[in-house]
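In the numbering used here, the protein residues as written are -16 to 425.
First comes the structure, then the notes that go with it.
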Amino acid sequence: MTDPNDWAAPGAQDAPRWGERVPSAPPAPPSAPAADAGQQSPAYGQQPPAYGQQPPASGQQAAPQPQGGPGAWTPPPRPGLLPLRPFTFGEILSASFQVFRRNPRTTFGTALLAQVVLLVVTVGAAGGSAFFAFSRVESALPEDRDAVAAGAVATVVLATLVPVLLTVVVSALLQGLFVLETSRQLLGERLRLGGLWTLARGRIGALTGWSALLTLAYLVAAGLVVGVVAIGVVVGTGPSIGVGIGVGVLLGLGLLVLGVWLTIKLSLVPSALMLERMPLRAAVARSWSLVRSSFWRTFGVVALVFVMIQIATQVVTAPFSLLFGVFGSLISPTGDVDGSAIAVAAVAYVLTIAVSAVVTAIGSVVQAASVGLVYVDRRMRTEGLDLELVRHVEARGRGQVDLPDPWRSPAQQQPGQQFPAHHPQQQGRQHGPDGQGGAPLQ
C-alpha cells in the first residue's frame, strides 16, 4: 500500500483568465512530522489550511474540500480606458470624457484644428463672395443692376455651400478618427494622429458618403416642410392659409420624430465602418441589428451627451455676450456707431467664436467617443466581444505580435487575418495598461 508521505504535489498551473473557473488547489506534500509537533499533516486528498489559518489540532480531521466545484470569480482585466466587460450607463458617460483627457493632443488638438480650418473657410467664402457680389452691383450700369444683383445673390448662396460641404466631410472624418482612438484606448494604446489616419485609410470615402447621405436626407425633409407651408401661404386664401401652415407644422413634427428615431437606429454605422471595415450597406444593417434591443439606452446616451454639450456651449459663451452689451453701453451710451463701438463689437465677436470653437472641439470628441463605447458595449452583450478582447490582451502580454484584429466580427475574420502592417502590434511595440508598459504618447 502506498504511503501518503511519499506523494508529490503536481506542478503549478497558470493563472486563470477572465471568464474561466479557478480550479481547486492541488493537495500540498505534507512535511515530515516533527517530534514536538502536536498536529497532524493533512491526509492524502485534503488541502492544507489557507494562508493565515491555523491547521487542525492533533486528532482532528480537516474539513473535506470539494473537488471540481466552481472556483472564485476573476475580475476582468483593465488594460486601458475601462474593464473589458459590458459597460454601465455611467461608465459610458465618464469614459467619453476620459478619451479626451487621456490623449488631448490627438483628440482635442485635431478637433480644434478642424474647427479653425472650417472657420477660416467659412469667413473667407462668405466674406469674399459678398465683397465680390457687392462690388459688381456697385459697378454695374443702372439698367443692368437688377440682373447683376440677382447673379450676385446666387454667387453668395453657392459660395456658402462650400463650407457646408466641407463641414460634412470634416465632421465625418473626426467621428471616424475618434471612434478608432476610443477603441485603441480600451486596449491600453494611445496613437498619434498619423497612426489614426493610417488606420482610417480606405474608409474615409464610405464614411464621408454616409455623412453626405444623412445631410441630404435632412435637407430634403426640411425642404418638404418649407415647401408645404409656402404652397399653403401662396395658393391659399383666408382660412386655407392657416390650414396649410398647420399641415406644415404637423408634418414637421412627424418628420422630426422620424428623424430622431432613424438617427438613433443608424448611430452605430460609423463605428461599424471604421472598426469592422464593412461596406456601407452592411454597416447600416449592422447598426440596425445592434440597436434593435437597446434603443432607449442608446437614445439616452446620445441625447444626454448632446444636451450636455449644448448647455456647456451656452454657459461658456453667455458671459461674453453679456460683457459685449455692457461695454457697448459704456462706450457708446447714446447708441451712436463710432470706431470704439465697432472695435468692441469685433473683439467680442472674435472671443465668442474662439470659445465656441473650443467647446465644439471638446464636444465632438465626447460625442464620437460615447457612440463608439455604445457600439462596443452592444457587441459585448450580444456577441461576447469582451472575451475576444481579453484573449487579445493576454496574447499581447505574452509577447505575441502577429495577432488577428479583435474588432472584426467572427463572420468577417479570415484565416491569418491580422492587424495592418502599420499597426503597432506588427511593429514589435509593447503595449499594456497606461503607465504600466503602455505605448507612450510622443
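The C-beta atom is built at its ideal place from N, Cα and C for all residues, glycine as well.
From a predicted model like this one, the values you see are computed outputs, not experimental measurements.
> Closest by CA to residue 338, which one among 298, 354, 348, 358?
Replying inline: 298
> Does the beta carbon of residue 363 fall short of 7 Å from some heavy atom of the ligand COA?
Replying inline: As presented, the structure is devoid of all ligands, the ligand COA included, so that no description of it is given.
> Tell me which same chain residues have a C-beta within less than 7 Å of the C-beta of residue 149, skipping the five on either side of it?
Replying inline: 101, 104
>> I believe residue 113 touches residue 139 by the beta-carbon criterion, under 8 Å. Please report the beta-carbon distance rounded to the nearest angstrom.
In response: 6 Å
> Does DSSP classify residue 368 as helix, strand or coil?
Replying inline: helix
> Beta-carbon separation of residue 173 and residue 85 under 8 Å?
Replying inline: yes
> Quick check: the segment 374 to 393 against the segment 237 to 246, are there 3 or more CB pairs under 8 Å?
Replying inline: no
> By the 10 Å Cβ neighbour count, where 16 or more other Cβ atoms means buried, how is residue 201 classified, buried or exposed?
Replying inline: exposed
> So is residue 294 buried or exposed if we call it buried at 16+ other beta carbons inside 10 Å?
Replying inline: exposed
> Beta carbon of residue 216, beta carbon of residue 229: below 8 Å?
Replying inline: no
>> Taking 8 Å as the threshold (C-beta atoms), are residue 266 and residue 285 in contact?
In response: no
> Any idea what DSSP makes of residue 123, helix, strand or coil?
Replying inline: coil
> Grouping DSSP H, G and I as helix and E and B as strand, with all else coil, what is residue 70?
Replying inline: coil
>> Using a Cβ-Cβ cutoff of less than 6 Å, which residues in the same chain neighbour residue 248 once the five nearest sequence positions on both sides are dropped?
In response: 271, 274
>> With distance defined between alpha-carbon atoms, name the residue in 276, 345, 263, 333 nearest to residue 296.
In response: 345
>> Here's a check: name, in chain order, each residue in its chain whose Cβ is nearer than 8 Å to the Cβ of residue 69, leaving out the five neighbours to either side.
In response: 360, 363, 364, 369
> On the three-state DSSP scale, how would you describe residue 261?
Replying inline: coil
> Candidates 240, 89, 389: which alpha carbon is nearest residue 157's?
Replying inline: 89
>> Residues in the same chain with beta-carbon distance under 6 Å from residue 119, minus the five sequence neighbours each way, listed in chain order, please.
In response: 131, 135
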